[in-house]
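Asker:
Numbering (my numbering), first residue to last: 852 to 986.
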């Protein structure tokens with residue numbers, strides 16, 4: 852979006868122009884590269900690490916699936932479903948089960964449930980007393 856809040860169309864490659872360069876293969880860079888590609892742009896994605904995905908990654912340890920990243924996604928969003936379909940990944944998406952609805956964070960060497968409601972913020976060890984008072 853421009854500073855005035857107007858949406859702008861994606862740049863198109865003029866005849867003979869080089870590719871659009873996208874720096875970073877995290878979820879944001881990958882999404883932008885895919886959107887540009889779908890609009891017909893020639894795209895070159897630059898990533899410094901040996902894997903794509905940025906901070907988003909999944910590991911299996913001792914029979915548990917660990918999501919090691921700052922983001923998840925809401926799978927009931929039409930845009931997410933469309934993207935999964937476009938990439939042929941819908942069948943690979945693993946929805947969270949009802950038993951795994953509680954998310955945990957490793958805090959001071961122990962697993963702490965993330966607050967799921969405003970009242971649970973008050974008793975959570977994840978916020979300081981000052982942080983709780985600012986709520």
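Glycine residues also receive a C-beta, built at the ideal position from the N, C-alpha and C atoms.
This structure is a prediction, so every number in the text was calculated from the model and none was measured.
In three-state DSSP terms, what is residue 980?
Answerer: Three-state result, residue 980: helix.
Asker: Quickly, what does DSSP pair residue 872 with across the bridge? List them, please.
Answerer: Beta-bridge pairing links residue 872 to 895.
Asker: First and last residue of the beta strand (DSSP E) that includes residue 974?
Answerer: First-last for residue 974: 969 to 974, but that is the alpha helix (DSSP H), not the beta strand (DSSP E).
Asker: Opposite residue 961 in the DSSP bridges: which residues?
Answerer: Paired residues: 958.
Asker: Determine, using beta carbons only, whether residue 957 and residue 966 come nearer to each other than 8 angstroms.
Answerer: No; because the gap between Cβ atoms is not below 8 angstroms, this pair is not in contact.
Asker: May I have the straight-line CA-CA distance separating residue 940 from residue 878, to the nearest angstrom?
Answerer: Going by the C-alpha atoms only, they are around 15 angstroms apart.
Asker: Is the beta carbon of residue 874 sitting closer than 8 angstroms to the one on residue 897?
Answerer: It is a contact, given that the beta carbons lie within the stated cut-off.
Asker: In chain order, what residues of the same chain have a beta carbon less than 7 angstroms from the beta carbon of residue 976, not counting five sequence neighbours either side?
Answerer: Excluding residues within five positions, the ones whose Cβ falls inside 7 angstroms are 958 and 963.
Asker: Can you tell me the Cα-Cα spacing of residue 942 and residue 974, whole angstroms?
Answerer: Distance between the alpha carbons of residue 942 and residue 974 is about 39 angstroms.
Asker: Which residues in the same chain have their Cβ closer than 6 angstroms to the Cβ of residue 869, if we skip the five residues on either side of it in sequence?
Answerer: So the list is empty, once near-sequence residues are dropped.
Asker: With DSSP collapsed to three states, give me the class of residue 941.
Answerer: Three-state DSSP puts residue 941 in a helix.
Asker: When you compare only the Cα positions, how much space is there between residue 853 and residue 883?
Answerer: Note that residue 853 scores 44 on pLDDT, short of 50, meaning its location in the model is unreliable; the coordinates nonetheless yield the value given after this. Rounded to whole angstroms, residue 853 to residue 883 spans 16 angstroms at the Cα level.
Asker: Let me check understanding here. Comparing Cα to Cα, which of 986, 876, 933 and 919 lies closest to residue 905?
Answerer: Checked all of 986, 876, 933 and 919; the closest Cα to residue 905 is 876.
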